[in-house]
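Notes follow once the structure below has been shown.
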Amino acid sequence: MSAHSGSHPVSSSATFVDKIDPFKKGSLKRKQRKSQGSSRYRSANDVELQPLPLLKDVASGEQEELLIRKLRQCSVVFDFMDPVADIKGKEIKRATLNELVDYITAGRGVLTESVYPEIIRMISSNLFRTLPPSENPDFDPEEDDPTLEASWPHLQLVYEFFLRFLESPDFQPSIGKKVIDQKFVLQLLELFDSEDPRERDFLKTVLHRIYGKFLGLRAFIRKQINNIFLRFIYETEHFNGVGELLEILGSIINGFALPLKAEHKQFLVKVLIPLHKPKCLGLYHAQLAYCVVQFLEKDATLTEQVMKGLLKFWPKTCSQKEVMFLGEIEEILDVIEPTQFAKIEEALFKQISKCVCSPHFQRRRVCRAEGYIPNVKPISSTTPFPSASERRPSVKIRRWCGYAQLLSSH
Numbered sequence: 001m002s003a004h005s006g007s008h009p010v011s012s013s014a015t016f017v018d019k020i021d022p023f024k025k026g027s028l029k030r031k032q033r034k035s036q037g038s039s040r041y042r043s044a045n046d047v048e049l050q051p052l053p054l055l056k057d058v059a060s061g062e063q064e065e066l067l068i069r070k071l072r073q074c075s076v077v078f079d080f081m082d083p084v085a086d087i088k089g090k091e092i093k094r095a096t097l098n099e100l101v102d103y104i105t106a107g108r109g110v111l112t113e114s115v116y117p118e119i120i121r122m123i124s125s126n127l128f129r130t131l132p133p134s135e136n137p138d139f140d141p142e143e144d145d146p147t148l149e150a151s152w153p154h155l156q157l158v159y160e161f162f163l164r165f166l167e168s169p170d171f172q173p174s175i176g177k178k179v180i181d182q183k184f185v186l187q188l189l190e191l192f193d194s195e196d197p198r199e200r201d202f203l204k205t206v207l208h209r210i211y212g213k214f215l216g217l218r219a220f221i222r223k224q225i226n227n228i229f230l231r232f233i234y235e236t237e238h239f240n241g242v243g244e245l246l247e248i249l250g251s252i253i254n255g256f257a258l259p260l261k262a263e264h265k266q267f268l269v270k271v272l273i274p275l276h277k278p279k280c281l282g283l284y285h286a287q288l289a290y291c292v293v294q295f296l297e298k299d300a301t302l303t304e305q306v307m308k309g310l311l312k313f314w315p316k317t318c319s320q321k322e323v324m325f326l327g328e329i330e331e332i333l334d335v336i337e338p339t340q341f342a343k344i345e346e347a348l349f350k351q352i353s354k355c356v357c358s359p360h361f362q363r364r365r366v367c368r369a370e371g372y373i374p375n376v377k378p379i380s381s382t383t384p385f386p387s388a389s390e391r392r393p394s395v396k397i398r399r400w401c402g403y404a405q406l407l408s409s410h
């Protein structure tokens with residue numbers, strides 16, 4: 001047997017081999033990673049599971065004790081690296097997890113106080129583990145297939161159970177806060193670096209539910225997400241769950257009360273704007289732009305700071321990133337007022353003129369000939385273009401943004 005109780009943080013890494021044919025090897029590597037990824041190792045602590053009676057088949061007075069036994073049974077973690085090992089035990093656990101999901105969904109009054117710590121212990125044993133390093137040292141999330149968690153047949157059911165637990169009408173935050181604490185949230189946030197997008201999607205929903213139910217954890221969650229982003233921007237430039245965390249933040253920002261607190265404005269300027277800097281911006285730009293626009297819809301006076309930040313981090317050589325920036329500016333122009341536009345108009349036109357005049361834009365003459373834009377004045381001209389007196393940002397600058405995007409994409 002190869003099952004073991006609890007969670008043993010381990011990691012694995014492939015031996016580096018010089019690539020003779022990197023394209024062929026990369027293709028093979030992707031296929032292997034897709035089927036073999038796992039964060040578990042085989043353990044000598046063998047536990048053999050035995051089937052327990054179904055909860056529906058015992059008297060109501062015995063159900064709580066049986067539920068706890070089943071939760072402890074599901075705390076046993078199996079090694080999925082060998083698909084034919086412990087087949088019986090894996091199937092018993094899978095069936096039990098399915099039963100628990102149905103039981104907690106349909107049952108009323110089943111979430112007694114003594115069950116809460118048992119539930120969190122089972123969830124922690126299954127979810128919290130050291131994530132393995134990428135098996136490909138040159139892993140590119142935009143090009144390569146991610147490592148899929150081999151133990152997903154069990155993990156998925158644990159996540160399903162966790163969500164049903166949090167969403168149950170019987171769930172009591174006053175009891176839950178005793179076991180879902182800051183340490184638990186920290187471990188949960190670490191899992192957002194999982195390469196498996198299925199896991200990150202579940203984590204996104206779980207964290208959002210926790211944020212909504214535990215008022216005392218909200219500031220802590222925001223602070224820790226802030227820390228993750230700062231490490232990502234200034235140290236690692238690698239964290240798989242940036243997009244999912246931004247998606248959660250988009251919902252959080254939407255719920256901010258007015259006037260905005262200073263800490264929230266600081267987060268926009270010091271964290272969200274610098275998030276435009278990393279090379280892998282394309283992986284999360286849609287969610288990032290949404291967060292920025294949400295802030296401006298809340299407080300239009302932040303427009304000038306935001307635009308100055310975008311111009312500061314404007315890509316110098318990557319036309320693909322320029323397309324993203326231009327698209328974000330279009331979204332911003334949809335929500336700002338003319339008075340705010342007047343403060344950024346000249347600097348914005350100068351930057352767009354650089355895009356249009358760039359030698360990278362091979363189709364400038366064609367577009368101009370077709371009447372998309374007027375002739376471009378040199379950026380050294382003392383007169384901004386179009387005329388500063390023409391204050392129609394939703395038409396004029398959006399036309400320039402669209403034109404620059406068209407050129408950048410070719």
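Quick note on numbering: the sequence shown equals residues 1 to 410 in UniProt numbering.
Beta carbons: idealized from backbone N, C-alpha and C, even for Gly.
Practice task
Determine, using beta-carbon pairs with one atom in the segment 270 to 278 and one in the segment 298 to 312, whether at least three such pairs fall under 8 Å.
Solution key: yes
Practice task
Using only alpha-carbon positions, find the residue among 156, 148 and 161 that is nearest to residue 106.
Solution key: 161
Problem - Cut-off 8 Å between Cβ atoms - residues of its own chain near residue 58, not counting five sequence neighbours on either side - result: 66
Exercise for the section: Please say whether residue 278 and residue 237 have beta carbons closer to each other than 8 Å? Expected result: yes
Exercise for the section: Whole angstroms is fine: what's the gap from residue 64's alpha carbon to residue 92's? Expected result: 20 Å
Exercise for the section: Would you check if the distance between the CB atom of residue 153 and the CB atom of residue 94 is smaller than 8 Å? Expected result: yes
Problem - Cβ neighbour criterion (16 or more within 10 Å) applied to residue 150 - result: buried
Handout entry: Cβ-Cβ distance between residue 250 and residue 291 below 8 Å
Key = yes
Exercise for the section: Taking the CB atoms as reference points, tell me whether residue 108 and residue 170 lie closer together than 8 Å. Expected result: yes
Exercise for the section: Please classify residue 195: is it buried, with 16 or more other beta-carbons within 10 angstroms of its beta-carbon, or exposed? Expected result: buried
Handout entry: For residue 348 and residue 180, the rounded distance between their alpha carbons
Key = 47 Å
Practice task
Please list, in chain order, all residues of the same chain as residue 214 whose beta carbon is under 8 Å from its beta carbon, the five residues on each side excluded.
Solution key: 173, 176, 177 and 180
Exercise for the section: Let me know the alpha helix (DSSP H) ranges lying completely inside the segment 67 to 146, each 4 residues or longer, listed in chain order. Expected result: 87 to 106 and 115 to 127
Exercise for the section: May I ask you to report which of helix, strand or coil DSSP gives residue 241? Expected result: coil
Exercise for the section: Return the CA-CA distance between residue 490 and residue 307, expressed in angstroms with no decimal places. Expected result: Because the chain here runs from 1 to 410, residue 490 falls outside it and cannot be looked at.
Practice task
Label residue 234 either buried or exposed according to how many other C-beta atoms from any shown protein chain fall within 10 Å of its C-beta, with 16 as the threshold for buried.
Solution key: exposed
Practice task
Classify residue 206 as helix, strand or coil using the three-state DSSP reduction.
Solution key: helix
Practice task
Let me know the beta strand (DSSP E) ranges lying completely inside the segment 221 to 298, each 3 residues or longer, listed in chain order.
Solution key: none
Exercise for the section: For my contact list, residue 248 and residue 208 are in at a C-beta cut-off of 8 Å; report their separation, rounded to the angstrom. Expected result: 5 Å
Problem - Anticipated Cβ contact below 8 Å, residue 210 with residue 166, distance rounded - result: 7 Å
Exercise for the section: Please list, in chain order, all residues of the same chain as residue 379 whose beta carbon is under 8 Å from its beta carbon, the five residues on each side excluded. Expected result: Because the pLDDT of residue 379 is 38, which lies under 50, any placement of that residue in the model is unreliable, and the number read from its coordinates should be weighed accordingly. Same-chain partners within the cutoff: 350, 353, 354 and 357.
Practice task
Determine whether the Cβ of residue 113 lies closer than 8 Å to any Cβ atom of chain D.
Solution key: In the displayed structure, chain D is absent; only one protein chain is listed.
Problem - At least 3 beta-carbon pairs within less than 8 Å: the segment 315 to 326 vs the segment 336 to 347 - result: no
Problem - Alpha carbon of residue 132 to alpha carbon of residue 156, nearest angstrom - result: 18 Å
Exercise for the section: Less than 8 Å between the CB atoms is what I'm expecting for residue 68 and residue 115, so what's the real figure, rounded? Expected result: 7 Å
Practice task
On a CA-only basis, which of 61, 90 and 82 is nearest residue 110? Give me that one, please.
Solution key: 61
Practice task
Could you tell me whether the Cβ atoms of residue 253 and residue 294 are closer together than 8 Å?
Solution key: yes
Practice task
Could you tell me which of 119, 88 and 82 sits nearest to residue 51, measuring between CA atoms?
Solution key: 88
Problem - Three-state class that DSSP yields for residue 214 in the structure shown - result: coil
Exercise for the section: Return the chain-ordered list of same chain residues with a C-beta closer than 6 Å to the C-beta of residue 224, the five sequence neighbours on each side being excluded. Expected result: 189
Exercise for the section: Thinking residue 127 and residue 158 are a contact (beta carbons under 8 Å), I'd like their distance in whole angstroms, please. Expected result: 6 Å
Handout entry: C-beta contact flag for residue 287 and residue 246 at 8 Å
Key = yes
Exercise for the section: Could you pull the start and end residues of the alpha helix (DSSP H) that residue 152 belongs to? Expected result: 152 to 167
Problem - Span separating the alpha-carbon of residue 96 from that of residue 341 - result: 60 Å
Problem - Distance between residue 48 and residue 216 (C-alpha atoms, nearest Å) - result: 40 Å
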